[in-house]
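Encoded as structure tokens, the structure appears first; notes follow it.
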Amino acid sequence: MKKLLLLSLVLGFGLMATAQNAYKFKQEVVDYQAIDKMMVGVEPAKASTVVASQEIDTPVVPPTKSTDIVSIINIGTSANAYSYGYGGGQKSIVWAVPELNMVTNFHRMGGELDPGGYSGDLGYDVSFDGGLTWENMIEMYIAENNAGGEYYTDAARYPNHGVWNPEGNTDPNNAWMSYFTPNLDGSNSTDSWGGYSFGAVNMGDPSIKTKNLQSSADPFYQYIPDAFDITKDGKVWVVDINQDWSSGAVEYQGSLILNKGEWDEAEGDFIFEQELLDAPVVEATTRPSHTQVAFAEDGQTGYISFLGDNETVDYVSGVPGYYPIIMKTTDGGATWSEPMGIQLGGENGLAGIVYEMYSDEQIAEFFEEPLPAREEIPYTTAFDHNISVDANGNLHIGVVIGIASSETDYAITTGIPEIIAAYDIYTTDGGTSWYGIKLGGLNQFRGTWPGDYTEDNRIQTTISPDRSTVFVSWLDTDLEDQEDNTRPNIFIRGLRPNAWGTADLTCADGADAPTNVTLFSEGMWNATFFAAAQMSFYDGDAYTIPMTYQPVAPDVDPGVAVQYKYITDFKFTEVDFCIVGTQELAEVATMDVSQNFPNPFSNETNVTVSLKQGSNLNLEVYNITGQKVLVKDYGYKAAGSFTMTISANELPTGVYFYTVEAGADKVTRKMIVQ
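Under the numbering used here, residues 12 to 685 are what the sequence shown spells out, in order.
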């Protein structure tokens, strides 16, 4: 397989050499590649030194708090900023359990609230009232294996965690936290990576806890897992990239390590086993860039995704780039499909990218003459992403999309405002068809702190409790003259997909734009290294999305102590979903279909159809998840006008799409039942 990949890569580069001049930019651009991040991810030891959290200049906040300005509170602290990730930190850091009204923030210890604390220890902050009040710095993991070197060999780094709440449970004493973190036991690299630390903590009594250590052993080269999820049946899923660092340089093994844990009541712990999943990529990319895992509510349908190039999609204009690569299970992880890529650009790409990424004006602004055709523009993902699974078992991928550089292999082109954008890439049929919904253009891409500590946009996904609504959030610096992403705000957008690849989106102030969460708050331009929960809260009218961040000024060493911040009250209401995606099916010339009137309606509504020729006529109504909920067959109707009536008694309150079909023609519109 590797030989085939190398041969194809040579051919691809041959094509690329003839296509380098397919497009030229009018303005100076900046190309970024994936960070070769892992070996520099071991920060200097600060085992016994406590440094006060650094102060950051904050914007002037209006003296009277607007309802649109979020409230932010202090929660836990840590000895340094590295707990929240490095070069792609979308790990499972913040977890929400709506049925327990619980939020947890998991991190390394130290900082002002843990004087003398060691950064290799772990703890968490927890709220049992939806994030309003917190108990902070609950230490549940202590590194103690001092082998005489610079670090304790069980010193924890970059942790993942989540809370397993058994189906129907409302008592925290019956809920368990699972944590999973790499440690520095050196079994995959001298004085560095290779070990895993994992265990369980009782949420009602944190003194009930477990700790397990596991070293790398051929053929499993353990490293730094990014992907983590827990299902309702008590299974924990952790995915790692199988890469050997024992020589001092990465040697990707062409596979992913799937760690599967299952709750054992007698042991009071999650018992883990490992397997390898084949995941080859072309040699020029070194390894997959980032992995994620997520399961549906039933725990049977699940997805593993990673970013890379495995030659399952076509190059556009001969230029290589990254794209999402998907593996799927429908039997609870017993078997997984072969990895398959999603085509982003070109004639077979996603219409929401090829035709909606840029306006005609932007293309004229970005490119020199002759302007490239939309199908000739090569696209790439950035180097990190996040995923969720909706109520129908369909995958949503939150990822940043940009133009693949024709100058630098596997690089994303940045440096011009809105030349990159946040997207939700999702399927409506289990993975056969894919769609892309643009959520907003971005100004900045990568931020770099002293010591070459980098973070990109940290795009993340959050699913609603009923899994019908997806929220995608990211970091972007919108300050004028700012040249990197070190002074960001949090931006977010909610969407509700339907079966045709369109989506209702939230809008900022009624405009087709994402919402700036931290605008005018103390987090304005300071919301660095943020984390969003995997699930939101919902109170019957509003969705509250748990989010944290750790402010780190651009010129401050991320090795100093940090204060974690929690945003208590950011929410979307139903009225915030104000537009329909631009890919909505167009009307056809052989019939006219009116918007239903009245709309919204609580009694009945009418739809008028004008047929230009006789035809069989029927009406189908779908809910926002694409399920067909109502069908009316009117038989053959002669040319002319005909009125169809829909009664609110036939449908629960909610948002629907109705499709009128006359022969081979279809028209789809949106309606609301109150």
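Glycine included, C-beta positions come from ideal geometry on N, C-alpha and C. Keep in mind that this is a model prediction, so the values were computed, not measured.
Item                                                                                                                  : Value
Contained alpha helix (DSSP H) runs [length at least 4] in the segment 523-595, N- to C-terminal order                : none
Alpha-carbon to alpha-carbon, A564 and V571                                                                           : 11 Å
Residues near F231 by beta carbon distance below 8 Å, same chain, minus five either side                              : N253, I268, Q285 and L287
DSSP state of G121 mapped onto helix, strand, coil                                                                    : coil
Cα-Cα separation between E178 and N147, rounded to whole angstroms                                                    : 27 Å
Per-residue burial, S198 [other beta carbons within 10 Å of its own, 16 or more giving buried]                        : buried
Residue closest to E150, alpha-carbon to alpha-carbon, out of N527, F117, T346 and T144                               : F117
Separation of T555 from T60, as counted between CA atoms                                                              : Low local confidence applies: a pLDDT of 37 at T60 is under 50, so the model's placement there is unreliable, with the coordinate-based value given in what follows. Taking the straight line from one Cα to the other gives about 37 Å.
Backbone secondary structure at P109 - three-state DSSP                                                               : helix
Collapsed DSSP secondary structure at R680 in the structure displayed                                                 : strand
For Q254, the three-state DSSP class (helix, strand or coil)                                                          : strand
Where S59 falls: helix, strand or coil (DSSP)                                                                         : Unreliable placement is indicated for S59, whose pLDDT of 35 sits below 50; the coordinate value is still reported in the next sentence. The answer is coil: DSSP assigns S59 none of H, G, I, E or B.
For E294, the three-state DSSP class (helix, strand or coil)                                                          : helix
Per-residue DSSP class, three states only, for N321                                                                   : coil
L596 versus V678: straight-line alpha-carbon distance, rounded                                                        : Any answer about L596 is weak, because its pLDDT of 34 lies below 50 and its placement is not dependable; what the coordinates show is given next. C-alpha separation (whole angstroms): 7 Å.
Neighbourhood of S613 by C-beta distance below 8 Å, restricted to the same chain and skipping five residues each side : A659, V684 and Q685
Residue environment, P663, which counts as buried when at least 16 other CB atoms sit within 10 Å                     : exposed
Proximity below 9 Å, CB of E615 to CB of T559                                                                         : no
D371: first and last residue of the uninterrupted alpha helix (DSSP H) it sits in                                     : D371 to F377
Nearest-angstrom Cβ-Cβ length linking V324 and I388, presumed shorter than 8 Å                                        : Contact flag wrong, Cβ pair sits at about 15 Å.
Residue nearest to K243 in terms of C-alpha spacing, selected from S227, V292, T192 and N180                          : N180
Span separating the alpha-carbon of Y369 from that of C589                                                            : 22 Å
Own chain residues within Cβ distance below 6 Å of R498, not counting five before or after                            : T488, L490 and W536
Simplified DSSP state of N468, which is helix, strand or coil                                                         : coil
One or two residues paired with T392 in a DSSP bridge                                                                 : I412
Touching by the beta-carbon criterion (3+ pairs, under 8 Å), the segment 477-486 and the segment 642-651              : no
Reference G363, options I336, L224, S417 and A514, closest by Cα                                                      : A514
G122 vs A166 beta-carbon contact at 9 Å                                                                               : no
Rounded C-alpha distance that separates Y163 from D371                                                                : 57 Å
Validate contact between the segment 81-89 and the segment 526-534 using beta carbons, cut 8 Å, 3 pairs               : yes
For A92, the three-state DSSP class (helix, strand or coil)                                                           : helix
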